[in-house]
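Protein chains in written order, with our numbering: chain A, 14 to 358; chain B, 22 to 285. Even glycine gets a Cβ: it sits at the ideal position worked out from N, Cα and C. The structure presented is a predicted model; accordingly, all values stated were derived computationally and were not measured.
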């Protein structure tokens, strides 16, 4: 018994030592694991890749072959944790902006979506709904969306081809992007419960337009439908809603058909999600829509002129531009192709 | 996490000096806006915007102030004679040359050759498209680094030819692949140290054959085998030479329909 008692007394300090070691080591292992897994790793990876180079210059004493956690590495980790993430952290109080972007394959697609993503990555509580005009979701888009880090939903629906026309032409009676936008509206209605008050705003953003960051903050306070000017539409520097002294929309400053119910471009309005869910039958009209009437075909089922909320300093500032990208010249690819088709552009 | 735009300056990261020539036209503000939105993600980026104008314009000044980027705002007007390509010799001053040279001049004025800052110079036109990855690829350039560029030379992309040893040995282009540097403006970056070491190196102003502008600068800085291939040995496309259509403004008519005080 005495022997056992002595043995257990001898073992106790050992257990305490082990406990002490665990308490010291555990925080460091947690720190390292978090460091490896977190999204700031890409930032730090830059240091690591060329860590050899810069460290060789700055600290000749360090053995560049030895990969060990120096004091500098740990300091960097602590500093960057407080520095920067992309996109901004999700907030519990901001309404979510659901950005619906129809897209289709063509040479400039990846470039367009890249620079659009670079803009969207600054906007808090943004949910990007990207809808491909395709039979299947493509690997290019799948990879791109994943690599951005954005909150996203990836959908697809193919606009029917008009096989009567030569080649692979889409049905010209259906304006481009319509089925894709409608699919996104349907997805929203299937995903969100209209009784569940998750505040949200819906905005249709084509992949070749240009958006200022200010625009997204303007639309966030939309109660029903908000509107603002859009540059480079209707053959003008910009088109704009007409706003009276009382701050109400009473008409449209356009040259082309200003008597349309809603003489406004797709990029010029946003709709409160609640309204989308309440008016669950409101969609963009698919066929028989006159040029310039697509937006009206949806908005007339949602709101009247009177209810529109003018943004952008009562519609005196331009915060979105309807830019279009030139089709690149690819003549030198020739018949068989010159560049490696496995290299994605 | 604290979110700030741009990311806080770091004492250890090399600076990326981006030189962008720009000129007034309807889409200018849109181009600079979306370009700024990209740059606002890049750490230690200093944007050198050089207007082709007799005076710095309010539009660009205000945009730069509001963006929050680290910037320098310069201007130099391309003389009308150069703009029109007055000479009957089939050469011209490509657009942006004077402006890029002014950017280089500012760098040489601002930094001393004896204690050069760690960093690179990159020429970024205001209508191209840049991935964020590109900037991290160029950040640690020792002399001159190169990579593929999409939508130039009538191809999906042009690219340096890289040997298995990782050296640039030629150019995968259809248009004049025997140029000393058959590469687009957006396809290379130069270390600051090199720019300061060779103060005579500038873009040639006149008598430059189409496609030789980049060569006119690079030949005074580096030889082909001194080039550093980036973007996975030049197998990935991280920058696209996009061009923006000119908007139709027919409905403005003779006198103008929209309020000219509203900035577009």
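Boundaries of the beta strand (DSSP E) in which residue i is found, first to last residue
| i | result |
| --- | --- |
| residue 113(A) | 109 to 116 |
| residue 72(B) | 66 to 72 |
| residue 145(A) | 139 to 145 |
| residue 81(B) | Counting along the chain, residue 81(B) falls outside any beta strand (DSSP E), though it belongs to the alpha helix (DSSP H) covering 79 to 88. |
| residue 249(B) | 248 to 250 |
| residue 43(B) | 36 to 43 |
| residue 168(A) | 164 to 169 |
| residue 144(B) | 140 to 144 |
Rounded C-alpha distance that separates residue i from residue j
| i | j | result |
| --- | --- | --- |
| residue 223(B) | residue 122(B) | 6 Å |
| residue 306(A) | residue 339(A) | 25 Å |
| residue 236(A) | residue 194(B) | 54 Å |
| residue 200(A) | residue 58(B) | 29 Å |
| residue 203(A) | residue 216(A) | 18 Å |
| residue 210(A) | residue 128(B) | 55 Å |
| residue 219(B) | residue 32(B) | 26 Å |
| residue 130(A) | residue 64(B) | 18 Å |
| residue 19(B) | residue 284(A) | Because residue 19(B) is not part of the residues shown, which for chain B are 22 to 285, the question remains open. |
| residue 226(A) | residue 164(A) | 17 Å |
| residue 126(B) | residue 199(B) | 30 Å |
| residue 136(B) | residue 163(B) | 16 Å |
| residue 174(A) | residue 177(B) | 26 Å |
| residue 274(A) | residue 238(A) | 14 Å |
| residue 323(A) | residue 77(B) | 33 Å |
| residue 228(A) | residue 42(B) | 26 Å |
| residue 75(B) | residue 221(A) | 32 Å |
| residue 213(A) | residue 230(A) | 13 Å |
| residue 42(A) | residue 34(A) | 12 Å |
| residue 117(B) | residue 155(B) | 22 Å |
| residue 291(A) | residue 207(A) | 6 Å |
| residue 326(A) | residue 170(A) | 37 Å |
| residue 189(A) | residue 186(B) | 48 Å |
| residue 271(A) | residue 246(A) | 13 Å |
Where the alpha helix (DSSP H) containing residue i begins and where it ends
| i | result |
| --- | --- |
| residue 99(B) | Note, residue 99(B): premise wrong, no alpha helix (DSSP H); not H, not E. |
| residue 351(A) | Careful: residue 351(A) lies outside any alpha helix (DSSP H) and carries neither H nor E. |
| residue 124(B) | 118 to 131 |
| residue 204(A) | 191 to 204 |
| residue 309(A) | 307 to 312 |
| residue 166(B) | Careful: residue 166(B) lies outside any alpha helix (DSSP H), inside the beta strand (DSSP E) at 165 to 167. |
| residue 239(B) | 234 to 239 |
| residue 131(A) | 122 to 133 |
| residue 158(A) | 152 to 161 |
| residue 55(B) | 49 to 60 |
Contacts around residue i, its chain only, beta-carbon distance under 7 Å, and the 5 residues preceding and following it disregarded
| i | result |
| --- | --- |
| residue 140(B) | 35, 36, 37, 38 and 213 |
| residue 248(A) | 268 and 269 |
| residue 297(A) | 191, 194, 195, 307, 310 and 311 |
| residue 104(A) | 137 and 138 |
Sequence-distant residues of its chain with Cβ nearer than 6 Å to residue i (five each side left out)
| i | result |
| --- | --- |
| residue 48(B) | 265 |
| residue 328(A) | 241, 242, 253, 254 and 256 |
| residue 92(B) | 68 and 85 |
| residue 173(B) | 179, 205 and 262 |
| residue 191(B) | 182 |
| residue 224(A) | 132 and 333 |
Own chain partners of residue i with C-beta closer than 8 Å, once the 5 adjacent residues on each side are dropped
| i | result |
| --- | --- |
| residue 343(A) | 120 |
| residue 61(B) | 26, 27, 88, 89 and 90 |
| residue 217(B) | 128, 129, 132, 133, 134 and 137 |
| residue 284(B) | 50 and 80 |
| residue 165(B) | 209, 210, 211, 212, 215, 239, 242, 243, 247, 248 and 249 |
*asked:* Which runs of the beta strand (DSSP E) at least 3 residues long sit entirely within the stretch 178 to 216 of chain B? Give them in chain order.
replied: For secondary structure counted as the beta strand (DSSP E) over 3 or more consecutive residues, the stretch 178 to 216 of chain B holds these complete runs in sequence order: 178 to 183, 189 to 193 and 209 to 212.
*Just by C-beta distance, which residues in the stretch 119 to 135 of chain B are closer than 9 Å to chain A?*
For the stretch 119 to 135 of chain B, no residue has a beta-carbon sitting nearer than 9 Å to a beta-carbon of chain A.
*Could you tell me which uninterrupted alpha helix (DSSP H) segments, each at least 4 residues in length, are contained entirely in the stretch 214 to 297 of chain A, listed from first to last along the chain?*
Within the stretch 214 to 297 of chain A, the complete alpha helix (DSSP H) runs of at least 4 residues are 226 to 232 and 286 to 291.
*asked:* Along the stretch 172 to 195 of chain B, where does the CB come closer than 9 Å to a CB of chain A? Name the residues.
replied: Within the stretch 172 to 195 of chain B, the qualifying residues are 172, 173, 174, 175, 176, 177, 178, 179, 180, 193, 194 and 195.
_Counting only Cβ-Cβ distances shorter than 7 Å, please list the residues of the stretch 224 to 255 of chain A near chain B, keeping chain order._
Listed by position along the chain: 225, 226, 244, 245, 247, 248, 249, 250 and 251.
*Going along the chain, which residues of the stretch 52 to 80 of chain B sit with their C-beta nearer than 7 Å to a C-beta in chain A?*
Sequence-ordered contacts of the stretch 52 to 80 of chain B with chain A read 54, 55, 58, 59, 61 and 62 [C-beta pairs closer than 7 Å].
*asked:* Tell me which residues of the stretch 267 to 278 of chain A have at least one Cβ-Cβ distance to chain B shorter than 9 Å, keeping chain order.
replied: Listed by position, the residues of the stretch 267 to 278 of chain A near chain B (Cβ gap below 9 Å) are 267, 268 and 269.
*Check distances from the C-beta atoms of the stretch 215 to 227 of chain B to those of chain A and list, in chain order, the residues that come in under 7 Å.*
Flagged: no residues at all.
_Residues within the stretch 201 to 227 of chain A neighbouring chain B, beta-carbon criterion of under 7 Å_ = If the cut-off is 7 Å between Cβ atoms, the stretch 201 to 227 of chain A has 223, 225 and 226 near chain B.
*asked:* Which residues of the stretch 326 to 355 of chain A have a Cβ closer than 7 Å to any Cβ of chain B? Give them in chain order.
replied: Answer set for the stretch 326 to 355 of chain A: 329, 331, 334, 336, 337, 338, 339, 341, 342, 343, 344, 345, 346, 351 and 352.
*Which residues, in order along the stretch 111 to 127 of chain A, keep a beta-carbon less than 8 Å from a beta-carbon of chain B?*
Considering only beta carbons, the part of the stretch 111 to 127 of chain A lying closer than 8 Å to chain B consists of 120, 121, 123, 124, 125 and 127, in chain order.
*Residues in the stretch 130 to 143 of chain A having any Cβ partner in chain B nearer than 7 Å*: Flagged, chain order: 131, 132, 134 and 135.
*Check distances from the C-beta atoms of the stretch 25 to 45 of chain B to those of chain A and list, in chain order, the residues that come in under 9 Å.*
Here the close residues are 25, 26, 27, 28, 29, 31, 33, 34 and 35.
*Using a Cβ cut-off of 7 Å, which residues of the stretch 161 to 174 of chain A contact any Cβ in chain B, in chain order?*
Answer in chain order: no residues at all.
*Against chain A: residues of the stretch 246 to 272 of chain B by CB proximity under 8 Å*: Residues passing the 8 Å Cβ filter: 256, 257, 258, 261, 262, 263, 264, 265, 266, 268, 269, 270, 271 and 272.
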